[in-house]
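Student:
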Amino acid sequence: MRVLIVGATGLLGKEIVRLLSPEHQIIGASRTGSDLSVDLADKASIVSMYRQLGTVDAVICAAGSAKFAPLEALTDEDFSFSLANKLMGQVNLVRCSVGHVTQGGSLTLTSGILAQYPMQGSPAVSIVNAGIEAFGRSAALELQGKTRVNVVSPGWVSETLAAMGQARSAGVPAEAVAHAYKRSLVEDITGRVIQVAKW
Ligand SMILES: NC(=O)c1ccc[n+]([C@@H]2O[C@H](COP(=O)([O-])OP(=O)(O)OC[C@H]3O[C@@H](n4cnc5c(N)ncnc54)[C@H](OP(=O)(O)O)[C@@H]3O)[C@@H](O)[C@H]2O)c1
Numbered sequence: 018m019r020v021l022i023v024g025a026t027g028l029l030g031k032e033i034v035r036l037l038s039p040e041h042q043i044i045g046a047s048r049t050g051s052d053l054s055v056d057l058a059d060k061a062s063i064v065s066m067y068r069q070l071g072t073v074d075a076v077i078c079a080a081g082s083a084k085f086a087p088l089e090a091l092t093d094e095d096f097s098f099s100l101a102n103k104l105m106g107q108v109n110l111v112r113c114s115v116g117h118v119t120q121g122g123s124l125t126l127t128s129g130i131l132a133q134y135p136m137q138g139s140p141a142v143s144i145v146n147a148g149i150e151a152f153g154r155s156a157a158l159e160l161q162g163k164t165r166v167n168v169v170s171p172g173w174v175s176e177t178l179a180a181m182g183q184a185r186s187a188g189v190p191a192e193a194v195a196h197a198y199k200r201s202l203v204e205d206i207t208g209r210v211i212q213v214a215k216w
């Protein structure tokens with residue numbers, strides 16, 4: 018399959034590329050350092066990316082940011098940034114994909130565990146992640162028979178915990194999370210939120 022991976026240079030993106038490359042043709046995208054340049058926060062750049070890309074069999078997004086800060090510290094700009102970037106960025110990735118994904122192809126988005134299990138500092142991230150999951154289920158319904166749509170919801174990733182000075186063992190290695198994206202790509206599933214967490 019010809020697969021676009023947005024966020025291909027990131028922690029999760031690199032592992033997804035590594036896992037899928039032997040069997041699929043991968044086109045990477047991110048703001049810098051990939052085959053194609055895209056900024057999820059800028060719809061015009063998504064349109065431009067698809068124009069250069071032509072047609073693919075699948076789109077995987079492992080990118081998007083939201084502000085992590087306590088409720089009382091979050092500013093209007095923090096909420097706007099979070100909604101425009103990780104949430105509307107992925108919504109627009111789906112909206113703009115029409116005509117660029119082959120019949121029966123798939124779209125895979127990324128949310129995160131803070132949708133279901135909030136913590137101190139997660140209000141903006143939790144809204145965004147929950148919104149992506151609601152949108153993914155709804156888009157899957159609308160695109161039934163044309164394009165499959167799933168969302169991968171990673172828990173804390175081991176490498177990220179280690180970078181924050183916390184125990185790796187409390188998370189799931191990025192390599193393991195990549196398999197959830199592969200499931201969405203190759204299995205005949207749609208409208209699913211695939212959770213990958215260490216319980
Ligand atoms: N790591 C975790 O513990 C964890 C847990 C749950 C959920 N997640 C979610 O999983 C996704 C990937 O996480 P990660 O840890 O792999 O992140 P990461 O290592 O920071 O990588 C992010 C990737 O996305 C690209 N990117 C960032 N902003 C972008 C934008 N506006 N437009 C296009 N590309 C952009 C980056 O490249 P450029 O900077 O060059 O654009 C990079 O390729 C994120 O949505 C994150 O919230 C991560």
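Each residue of the sequence shown is one higher than the one before, counting from 18 in this note's numbering.
In this text, a Cβ means the ideal position worked out from N, Cα and C, and glycines have one as well.
1. How far does the alpha helix (DSSP H) with Val168 in it extend, from its first residue to its last?
2. Evaluate the contact criterion for the region 131 to 149 versus the region 80 to 96: three or more CB pairs, one atom per stretch, below 8 Å.
3. With hydrogens ignored, establish whether the beta-carbon of Pro190 is closer than 7 Å to any heavy atom of ligand 1.
4. Classify Leu185 as helix, strand or coil using the three-state DSSP reduction.
5. Measure the Cβ-Cβ separation of Val145 and Val73 and say whether it is below 8 Å.
6. Pick helix, strand or coil for Thr177, following the three-state DSSP scheme.
7. So what's Ala197 in DSSP terms, helix, strand or just coil?
8. Can you tell me whether Gly116 is buried or exposed? The criterion is at least 16 other CB atoms within 10 Å of its CB, across all chains shown.
9. Does the Cβ-Cβ distance between Ile43 and Val20 come in under 8 Å?
10. How far does the beta strand (DSSP E) with Gly71 in it extend, from its first residue to its last?
11. According to the neighbour-count rule (16 or more other Cβ atoms, all chains shown, within 10 Å of its Cβ), is Tyr134 buried or exposed?
12. Would you mind reading off the limits of the beta strand (DSSP E) that contains Gln120?
13. Can you tell which of Ala79, Glu40, Ser123 and Asn102 has the C-alpha that lies nearest to the C-alpha of Arg209?
14. Can the beta-carbon of Val34 be found closer than 8 Å to that of Ala46?
15. Let me know the secondary structure DSSP gives Gln107 once reduced to three states.
Tutor: Straight from the coordinates:
1. Annotation: Val168 is outside any alpha helix (DSSP H); the continuous beta strand (DSSP E) that includes it extends over Thr164 to Pro171.
2. Yes, since at least three Cβ pairs between the region 131 to 149 and the region 80 to 96 fall closer than 8 Å, the two stretches touch.
3. Incorrect: Pro190 has no Cβ contact closer than 7 Å to ligand 1.
4. Per the sequence shown, the amino acid found at residue 185 is Arg instead of Leu. Helix at Arg185.
5. Contact: no.
6. Helix, per DSSP.
7. Correct three-state label for Ala197: helix.
8. Classification of Gly116: exposed, given that the 10 Å Cβ count is below 16.
9. A contact, by the Cβ cut-off of 8 Å.
10. First-last for Gly71: undefined, no H or E at that position.
11. Its Cβ having fewer than 16 others within 10 Å, Tyr134 is exposed.
12. Note, Gln120: beta strand (DSSP E), Val118 to Thr127.
13. Comparing Cα positions, the closest option is Ser123.
14. In this structure, Val34 keeps its C-beta atom at 8 Å or more from the C-beta atom of Ala46.
15. Gln107 carries a helical assignment under DSSP once its states are collapsed to helix, strand and coil.
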